[in-house]
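Start counting the sequence shown at 358; every next residue gets the next number (the numbering used here).
To start, the structure under review is shown below, and the notes come after it.
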Amino acid sequence: MKTVFDRPHALSDVPLHYCPGCTHGIIHRLVAEVIDELGIEGQTIGVASVGCSVFSYNYFECDMVQAAHGRAPAVATGIKRTHPDSFVFTYQGDGDLAAIGTAETVHAATRGENITIIFVNNAIYGMTGGQMAPTTLLGQVTTTSPYGRDKAIQGNPIRVCEMLSTLDGVALASRVSVDTPKNIIAAKKQIKKAFENQRDKKGFSIVEVLSTCPTNWGMSPEKSLEWLRENMMPQYPLGTYKDIDAKEAE
358 MKTVFDRPHA
368 LSDVPLHYCP
378 GCTHGIIHRL
388 VAEVIDELGI
398 EGQTIGVASV
408 GCSVFSYNYF
418 ECDMVQAAHG
428 RAPAVATGIK
438 RTHPDSFVFT
448 YQGDGDLAAI
458 GTAETVHAAT
468 RGENITIIFV
478 NNAIYGMTGG
488 QMAPTTLLGQ
498 VTTTSPYGRD
508 KAIQGNPIRV
518 CEMLSTLDGV
528 ALASRVSVDT
538 PKNIIAAKKQ
548 IKKAFENQRD
558 KKGFSIVEVL
568 STCPTNWGMS
578 PEKSLEWLRE
588 NMMPQYPLGT
598 YKDIDAKEAE
């Protein structure tokens with residue numbers, strides 16, 4: 358019998374620790390599929406962040422390094438510079454990348470470090486109990502914004518792709534989602550492009566993936582997908598905010 362669907366070789370055959378309905382598992386699979394398709398498992402080094410994805414080093418068959426909170430882009434920079442022929446990617450949540458890791462992210466981007474960033478945005482701190490994140494929406498209730506995020510007190514949510522797209526070292530800044538089969542297919546294309554950019558030495562590539570957190574949002578998996586579409590997508594529109602290939606083609 359012909360196999361038409363199977364676990365990617367680059368994805369470890371172990372149970373994931375994520376909550377039911379969390380879309381981290383989908384994103385892991387997409388990254389693993391891209392590694393398989395490019396045939397780069399033996400050349401790839403991933404950098405795990407701190408947050409819900411802290412155990413991602415257990416889920417990929419390539420070499421993995423655990424970074425301190427927020428420091429994944431700095432660690433990835435060191436790895437890439439000492440192993441320039443390797444494919445180096447970070448896998449980070451919004452608390453890790455857009456809060457404690459903002460400086461590392463911005464400076465790696467502006468230097469044009471030839472690395473790939475997979476940025477998972479679920480608008481909340483997942484692992485530590487549902488606190489407000491830099492990406493939390495205005496009015497969104499969290500454990501540290503029980504009356505909803507107030508612009509006058511906590512300020513506006515940060516749009517990472519829009520911000521990084523202004524930097525000269527960025528080759529790709531794209532925002533995708535994994536809420537529907539169509540969007541999952543589109544997300545994989547952008548993740549693959551981010552790895553191809555690194556292969557072709559084009560510079561810093563980031564793919565922001567809108568994700569759900571049913572547990573801390575207090576919703577069912579189905580409702581959380583609806584909430585993402587109705588609330589997150591207007592604040593964080595899907596699209597490519599910078600693509601060096603498109604600019605060169607003009």
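Even glycine gets a Cβ: it sits at the ideal position worked out from N, Cα and C.
A quick note: this is a predicted structure, and the numbers were derived from the prediction, not measured.
Label G512 either buried or exposed according to how many other C-beta atoms from any shown protein chain fall within 10 Å of its C-beta, with 16 as the threshold for buried. exposed
With burial defined as no fewer than 16 other Cβ atoms inside 10 Å of the residue's Cβ, what is the status of I384: buried or exposed? buried
With three or more C-beta pairs closer than 8 Å as the rule, is the region 381–397 touching the region 544–553? yes
Grouping DSSP H, G and I as helix and E and B as strand, with all else coil, what is D393? helix
May I ask you to report which of helix, strand or coil DSSP gives E470? coil
Quick check on L524: does DSSP put it in helix, strand or coil? coil
How is M484 classed by DSSP in three states: helix, strand or coil? coil
Nearest neighbour of E470, chosen from L529, Y482, K539, A425 [CA to CA]: L529
Of all the beta strand (DSSP E) runs that stay within the bounds of the region 497–565, which reach a length of 3 or more residues? 527–534
Return yes when the Cβ of A429 is within less than 7 Å of the Cβ of V404, no when it is not. yes
Beta-carbon proximity list for S522, same chain, < 7 Å, skipping 5 on both sides: A530, Y598, K599
Between the Cα of F417 and the Cα atoms of T499, I402, D363, which residue gives the shortest distance? I402
Based on the DSSP output, what are the partners of V463 in its beta bridges? V463 pairs with nothing; no bridge assigned.
Nonlocal neighbours in the same chain, by C-beta distance under 6 Å from N478, ignoring five residues either side: D451, T492, E565, L567
Span separating the alpha-carbon of D370 from that of M421: 16 Å
Going along the chain, which residues of its own chain have a beta-carbon closer than 7 Å to the beta-carbon of N573, five neighbours each way excluded? I481, G483, G487
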